[in-house]
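For the record, the sequence lines run as chains P and E. Numbered by my numbering, the letters in the first sequence go through residues 174 to 1241 in order. Numbered by my numbering, the letters in the second sequence go through residues 47 to 502 in order. Only one structure is covered here, and it is reproduced in the block below.
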Amino acid sequence: MRSAPHIAHNAPQLGTTVADPDADRLRQLAHSIEHAAHLLPSQGPITVFVHHNTLHAFEDLPFEEGLREGVRILGCEPFLTEDQYREYLVSGRIRHDDLSAVLQEDLGDGAGMMLGFLGTRFSLRMAMLEHPLRSASSAELQWAVAESDAMRRFLGFVHGPTKVRTIAETRHWVMRDLRNENGGHSPRLDRVKTHAQDLFALFGRATVERWSESTWESFCLHLLWRICLDGARRNDGRAPCRRNVPLRHAALIERVTGESCDAPVNDLMIRFCAAYLDQGFANWRLPHRDQGFFRSFAGLFGRAGSLPDRWARGLVRELRRIEKARITPLESIDESLRLLGVDESERDAFVLATLHALPGWAGMIWQMETNAEWTMFPAARGSLVEFLAVRLILDRLAAAYAARRSIGFAGDPADLRAAFADRIPATDGFGPAQRAFLVFQLAQVRGWLPSEIHALPDRQWDQLLAETESFDAFERRRILHRAYERRYRNQALDAVATHAGRRRPWAHESSSNRERAEVWSGFPRIARGEPDASAESENPSVQVICCIDDREESFRRHLEEVDPRCETFGAAGFFGVAMYYRGASDAHHRPLCPVIIKPKHYVNELVAFTFVKEHKRRADTRRVLGEASHRFHQGSRTFLGGALTALGGTLASIPMVARILVPRATAQVRTLLAGLVRPPVVTQLTIERREGDPGPDDPHLGYSIDEIAMIVERLLRDVGLNDRFAPIVVLFGHGSSSLNNPHESAYNCGACSGGRGGPNARAFAEMANDPRVRDLLRSRGLGIPAETTFVGGYHNTCDDSVTFFDLDRLPTKHRSRFERICDAIDEARRRNAHERCRRFESAPLTLTAEAALRHVEGRAEDLSQARPEYNHATNALVLVGRRWWSRNLFLDRRAFLQSYDPDHDPDHEILTRVLSAVIPVCAGISLEYYFSCVDVKVLGCGSKLPHNIASLLGVMEGAASDLRPGLSQQMIEIHEPMRALFVVETTPEGMLAVMDRNPVIGRLCRNGWVQLAVIDTVTDQIRVFQDGEFRAYRVRSDAMPSVRSSSEWYRGWRDHLGFAVIEEPQPS
Amino acid sequence: MTAQSITQVLGTCIVAAPAALLAALGIPSLFGEPLRERAAVRWIHGVMAVGLLSAVAMLAVMLNAGQTLVEIRIGDWVGIETEHFHFHVAFIFDRLSVPFVILIYVLCGTIGKFTSRYLHRDRGFNRFCVFFAFFTLGMVVSSLAGTIEVLFLGWELVGLSSALLVAFFHLRSNPVRNGLRVWGVYRIADAAFLIAALMMHHMTGGGDFTGLMGTDAWPSGHATIASEQALIVGLLLLLAASGKSALVPFSGWLPRAMEGPTPSSAVFYGALSVHLGAFLLMRVSPMLDLSMGLRIAVIGLGLLTAVYSAITERVQTDVKSALAFASLTQVGLIVAEIGLGLDYVALIHMIGHACLRTLQLLRAPTLLRDYHMLENAIGARLTHGPSFWERIVPDRFRAWFYAVASNRGHLDSAIDDYVTAPFRAVFRWCDAMEHRWTRFLSGGEPSSGTAEGPVD
C-alpha cells in the first residue's frame, strides 16, 4: 500500500486498474479535507488568545491576491466599504494626490491609453474612484428607473457646467436630428428615433418648444438611459453575463426558495460540537466521547428511541446502516458526495464549502485535534473527518426534505442541484441592465453625450464595457485602500526622516563612541550644563526595558518626558526568558513565551521560608473558599441546590448592586478582603536548576548558570545595551486585567502567549543580578558594573498600575535613587492614563491626570465595561532601531518599538534574531486587526454584547451560533485597517539577507503582507521595499509641529493625531 | 397629610415614573430625534431612583400604618350598571405587589446603570433604551394591576418589548427567528389570558381581582366563584402563565431568548419576565382553593418543568443556555410551591432567585476568569466527579437521557409538528383559495409573486 500513490497516479492514463481506485479516491479525499482544514480559522481556545493573521493560509500569495482568494473562499470583505473610503476622500484622510499617484502606479504604461473620446483609461478609472457609482440588482434597478430621481435629475455630484453642456447639446441634437425625419437613416438611428418618439409622447409633444430646463434634463436622462441599455444589450453576447450557481445544495435551495435548510442542520451540529469539545462546563459528559466524533454522534442519534425532527426522520436508519456496513467516516464522506451528485472535479471545493458552513466549530475541532494536547479534553485525531461525515449525512437529509417540501422534488438526490439550478432567475446577477446603468452614470459624470454614445462603434462599446467591468468593486477598493495606506505611510516616513535628521547633528560632533552614545538618550546638554558633571550624570539616571507593545510607546514617551535623563528600550516582552511558570497560587504551569517557542524550562514561585506556614494556612482557606464557591455556583443551577441558594439569593443583590454602582470602591473592598487569603507577598523564584535536565519537578526546575548567562547576554545585545549601564535598570513585563471579558487573554502580552509578563521581568532581573552570571558575561565582553542593579516590574496596561518585584533585595545605597525613579514612573503612568483617556468617549476630555488614573482603574474593575482598554487598536507602525531617532516623537500609541543597535551587528545576526520574533508577531497583530476591522461579521467576532461562552473554548453570538474567532466590534472600532509599516534601521542588503535567512519574514515582506522600509541614520535616507527592491523615498514635507509636552499635542482631541516633536527641556 | 393621601401620591409616582421614562425616550424617537446617550442615561437613572424610593417609601408607610391593601383607582371608564359590567383602571399595593415592584425597580435600576456603560456607543443604544422603558412600564403595571385588564396591558407591553429585545440584533437571522418564536409563544399565552379575562368579566361583571378574590389582602383572599368556573379560568390562566414563564411544553423559547445583549437576557429572561407567569398564578392563588383539579395541574406542571429543566441543564455546554434552564428549574419549583399554597415561600423564592440569577447572568462573560480563579484556589482542574445521578443510573439509560436532554426534550419540534404545521397548512390552504378566488375575479390572469414555480 505504501507505493500505491505512484501507481494510482498513472492508473487513469493507462486505463487499467492497477491500484484500487477506491483507495486512491479516498486518499485524494483525505488530502482535500486536510487542505480545506488549513483554510479554517486557526484560533485555538480563547483562554490562550494569540493574535495571528486571519488569512494566514493565503500568505503564500501576494497580499492582494490573498485577499481575492479570501473573498472567493471565505466570502469575506477584503477592504473597507467604498462609501467609507469616499468619506475619507472628503475628510482629507485620503488625498487626491495619493489616489492619482497610486492609480498611476498601478496602471503603469496603460494609464495613458486612449479609449476614443471617452478619455484615457486613467481618467475613466479616476472618475469611477471619485464618484459613488451605484450598482443594483435587477429589481432594485427597475425601481430606481421607475420611481427614483435617477431619471429626473443628474447625479448630485456631477460637475455643474458638464451637466449644462450635456443638456444643451442633447437638446440641440434632439431638435435637429430626432424630432424630424431628416436626421438620416441607419438601424441604430431609427431605434433612437423610436425612443425619442416614445419620450415625446411621455413629456408632451405639443409643448416641446416650451419645455423647461428640468423637463429637458429628465428627457436627456431618459434618452441616455435607453441608449445605454441598447448599447449594453447589443453587446451582451460578446461579454458573457455572469450567473452564479451556488455549489452547496443548501445554498442553492436557499437562493431559490428563500428558506434555509442549513439552519436546522447547523442547530444540531452546534449543539453536538459544543458537547463534543466541552472542556468541563456541562455536568454530564457526552456519552462515548472517547470513541470519537462519529461514534458518539451515532450513539446519540442512531438509537431507536430518539425522536428526531421531521427533516431528520431518516437519520436513525442511515446511521444504523452505516454502522452495520462498517463504513468508515471517510468512506461515508465519499458515499455522501456521490449520493449528492458531486462530481470528482468539484470535490475539493465542495468539501471546503461544506466545512465553511460552520467555519468556527470546524476550525476549533481541527485545532483541538492537532494543536491542543495541553487542554483538558483534546479531540481525537480524525475528528474533523468525522465531523464532515456527519455533516454530509445531515445535509443529505435536510436537502432532500427541503426539496420535497418546496418543489415536490422526489427524484434522485444526485439530480437535485440540476432541478434547482434551472430555477435560479436569469436576471439575478450582473447583466446588461447593470452594465448599462454603470455607463449611464459614468456618462453623466464624464459628460458623454447621448449622440456620442449612440454612435459608438461596437468595438468601442466592447472596450467600454470591458473597462468598466474590469474595474470592479474589488479593484476600486484595492486602489482606494492603497491610497489610504499611502497617506499614513508618507506621513510616518516624512516624520521619521525629518525627526532623525534633526536629532542627528550632535552625533557628528565627534565620532567617539562615548559621546555619540550620549546622544542616544538626548540629554547631553543637561549634562554639560551642570557644573559638577560627575561620571554619574553622564550616564542615564535609569534604564527601562519595556515590551515592544504599542501600548508601551506612550508609557515610555511620558517617562522620558518626566525624566529626560532616563533611557528606554523595547524588547519582546518575555525578555528571552522562555518558561513554563507557576505562581504561588496557581494550579498549573503556563507557558510564558511566544507561541512559536516551546519552552523547556519550568519555574515555580515559592513562598519565602518564613511565611511557609502562613502560606499553607491561606492556601487551605483559599481551597475551602474556592470549593464552597464552586459548589455554590454549580448548586445554584440544580434542582434542590438551586432552591436553597435562591431562598438566600436576595443577598446576591448586595454585591451586584455595589459592583455596578461603585465598581472602583467595591474592587478596593474586595482587594482588602482578598488580601486575607492571598499568598504572602514575599516569594522566590526557582531560577537556578539544582541538577539534571530541565523538568517540571523539584530538582529540575530552573536554568543552569550557563543558560542564564546566555539569556541575559542575548537580551542586552538585542536591545543594544552593551555599555553605559545606569545604576538601576528596570524591566517591565505587561498584562491587562479586566472583568466580563472573554477575550481577556488577548489583552495580555503577545510575546507571552497571551499571559502576563511580570514573572519574566522578575526572572530576568534576578538572573542579571547574579554575580556569577556577571562574571561569565564579563568574560564574554559584556561588563555590567557592580553597582548596577536590575529590578523586575509589571505594568498593567488596563488600570496603568505598576508593581515591582523583589524590592527587599534592592541594595540600600540605591534606595533614594529608586524612590526618585518610582516618583517618575508614577507621574508617567498618570500621564499615560491621561493620554489613553482621550480615546474613551465616556471619559471627559477635561479630566486631570489624577482623575484619568482613577477613571482607568474604574474601567478595569467594571463589570459593565465592554471596552476596558483599546488593546492594540490603531497600531500601524513598527520601528526597529536605536531609540535616539524616534525619541521625543509623538507616535500616538500606534507604534511597536523594538530597540536594536546596527553598529554592534555587522553580519545582521542580531537583526535576524530580533526580527524573527518582531515581524511575525507584529504582522499577526496588525493583520488580525486589519481583517477583524474590514469585516467584523465574518472575520471578526461581531459585537461583544451578545457573546456567550461555549464549552469554555470560545464565544458564540447569542443562544447558538457558529464559534466566533477574531476580534469584536468594540475592540476594533477606533482602528484604521492598514498593513503594519516596518521601519528598520539597517541597510537594504542587510534586510534582504534577513529575508533570505528567515523564510517567514521573506514571505511576509515579499508578498506585501507588511509594508517595509529601511532607514540609514547617517544620511536619514529611507528606502521603501516595493516590487522586490528597495527604492529611495523622497521626503514630501519636513514641516513638523513642535510642542513642549505630549499633552499639549493630544489634549482636547479624540481622533487619530499626526506626528509631532516634543521639545527637549532647555537647560536652565 | 394623611396616610391615605401619602400612599396615593407614592402610588402614582411608582406607576407614573416608568410612563414618564417611556414618553421621554419614545416621543423624541418617533420624531426621528432620539435623545443623546447621556440624556437618555440621565433619564433612566432619575426615573429608577424616583420609582425605587417611592416603592420603598410606600412599603414603609404601609408597614407603619399597618395597612395591607392600598388601592388606587384611575377613573371608571365603562360602567353598564344594568348588566353589572364595569371597566376601570386600578392598581393595588399589597404584600404581593409591593415587594415585587421593589424587586423590579432594584433590578431594572441596576440594569439601567449597567446598560449605560455596556451598550455605550452601540448603534442600537436608543432602541434598547426605548424597549427597556416599555419593559419597565409593563412590569410595573402588571405587578401592581388591580384588574385583569390592567394586568393584561402590562403583560402585553412586557411581551412586546421582550420579543423585540430578543431580536435586538436584527441584522443576523437567528435573533430574528428566535424573536419570532418567542412572539409566537406569547401569542398563545395571550390568547388564553384574554379568554380567561372575558370569562371573568362574564362571571363577576368586572375584571377586578377584589371582585374575584374578595377584599381581603393577599394571600388571604377567597374566591367567590364556582369550582368548575375556577377550574376553567384557572386552566386558561395556567396556560397563559406557562407561555410566559416557559413552563413545559413551551420551555424551548427561554434558551433561545438569549440572543440580545447580555444585560437584557439577564434581567428579562433570567429574572423578571420569566417570573411573570408565576406572578400571575400568585395573584389568583385564592382560586386554587376552589378546585382540587386546578391545584393538581399547577403542582404537576411546576414539578414537570423543574425536573425537565434540571435534567436538560446538565448537558448544556454554553453558559447562557445553562443559566436559562437553571432559571427554569426554579420557576418550575416556584409554580409548584404556589400550587401547594406556600405563597410566602414562593414569593421569597422568586425574589431571591431573581436577584441571584441576574448577578449570574451579568457575570456570564467572566466565566473563564472565574473558572481560572477557582482552579487556582482549589489547586486542580475543576471536574465534576461522578454525580449521584451517574452512580445510580446505568450507562444505557444515561445515554438515552443525554440524547433527550441534548434535544431539549424535543419540545420545540413537537410544537412545530403538532401545532405550527397544522396552523400553517390551514393558512396555506386559505392563501391558495384566495389566490384562486382573485384569479377568478380578475378574469383568469395569473397571479404573481408565488414562491412556487420558476419565476423565469
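All C-beta atoms in this analysis are idealised placements derived from N, C-alpha and C, irrespective of residue type, glycine included. The model shown is predicted, which means the values in this text are computed figures rather than measured ones.
At a cut-off of 8 Å between beta carbons, TYR354/E makes no contact with chain P. The Cβ of GLU255/P sits no closer than 8 Å to any Cβ of chain E. Spanning the alpha carbons of LEU1125/P and ILE827/P requires a straight line of approximately 28 Å. Distance between ALA628/P and ALA471/E, taken at the CA atoms: about 58 Å. With 16 or more other Cβ atoms from the protein chains shown falling within 10 Å of its own Cβ, PHE214/E counts as buried. Close to GLU800/P, with beta-carbon spacing below 9 Å, are these residues of chain E in chain order: LEU420, ALA423 and ILE424. Distances from the CA of ARG1032/P to each of ALA1025/P, LEU1026/P and PRO1041/P were compared; the closest alpha carbon is that of PRO1041/P. The C-beta of THR256/E comes no closer than 8 Å to any C-beta of chain P. Non-local beta-carbon contacts of GLY965/P in its own chain, meaning distances under 6 Å to residues more than five positions away in sequence, involve LEU904, ALA934, ARG935, ALA938 and PHE978 in chain order. In this structure, VAL1128/P is the residue among ILE1122/P, ALA1123/P, TYR1103/P and VAL1128/P with its C-alpha nearest to the C-alpha of CYS1114/P.
Around ALA237/E, no beta-carbon contact reaches into chain P at under 8 Å, the shortest distance being about 25 Å. Between the stretch 267–274 of chain E and the stretch 333–345 of chain E there are three or more inter-stretch CB-CB distances shorter than 8 Å, so the stretches are counted as touching.
Within chain E, the residues whose beta carbon sits less than 7 Å from that of HIS1120/P are PRO411, listed in sequence order. When 8 Å is used as the limit between beta carbons, THR182/E is near no residue of chain P, the shortest such separation being about 17 Å.
Residue-level contact by beta carbon holds for TRP457/P and chain E, with a gap shorter than 8 Å. Counting along the chain, ALA1068/P sits inside the beta strand (DSSP E) bounded by residues 1068–1072.
The stretch 896–913 of chain P makes contact with the stretch 717–728 of chain P: 3 or more CB pairs, one atom from each, lie closer than 8 Å. Neighbours of ASP463/E across chain P, judged by C-beta separation under 7 Å: ARG483. For HIS672/P and ALA665/P, the gap between their C-alpha atoms comes out near 10 Å. Two segments are said to touch when three or more pairs of C-beta atoms, one from each, lie closer than 8 Å; by this definition the stretch 1179–1194 of chain P touches the stretch 1156–1165 of chain P. Taking a cut-off of 8 Å on C-beta distances, the stretch 219–228 of chain P touches the stretch 917–934 of chain P, as three or more cross pairs fall below it. At a cut-off of 8 Å between beta carbons, LEU912/P contacts chain E. Straight across, the Cα-Cα distance linking VAL313/E with ALA467/E is about 33 Å. Unbroken alpha helix (DSSP H) runs of no fewer than 4 residues, entirely contained in the stretch 711–773 of chain P, are found at 724–735, following chain order. Going by beta carbons, VAL152/E and VAL835/P fall outside the 8 Å limit. Per the Cβ contact rule, the stretch 533–545 of chain P is not in contact with the stretch 1140–1156 of chain P (fewer than 3 Cβ pairs under 8 Å). Straight through space, the alpha carbons of ALA744/P and VAL780/P are spaced by roughly 29 Å. As far as DSSP is concerned, SER219/E takes part in no beta bridge. ASP1189/P has GLN1194/P as its beta-bridge partners, per DSSP.
Assignment of CYS1095/P by DSSP, reduced to helix, strand and coil, places it in the helix class. Chain order gives the chain E residues near GLU1130/P as PHE215, ARG218, ASN220, PRO221 and GLU305, where near means a beta carbon separation below 9 Å.
Taking the Cα positions, SER1220/P is about 19 Å away from ASP996/P.
Along the stretch 752–764 of chain P, going in chain order, the ones with a CB nearer than 9 Å to a CB of chain E are GLY756, SER758, ASP759, ALA760 and HIS761.
The Cβ-Cβ distance between ILE538/P and CYS401/P does not fall below 8 Å. Excluding its 5 nearest sequence neighbours in each direction, VAL750/P has C-beta neighbours in its own chain below 7 Å: ILE884, ASN933, ALA936 and PHE937, listed in chain order. Here the C-alpha atom of GLU1082/P lies approximately 10 Å from the C-alpha atom of PRO1075/P.
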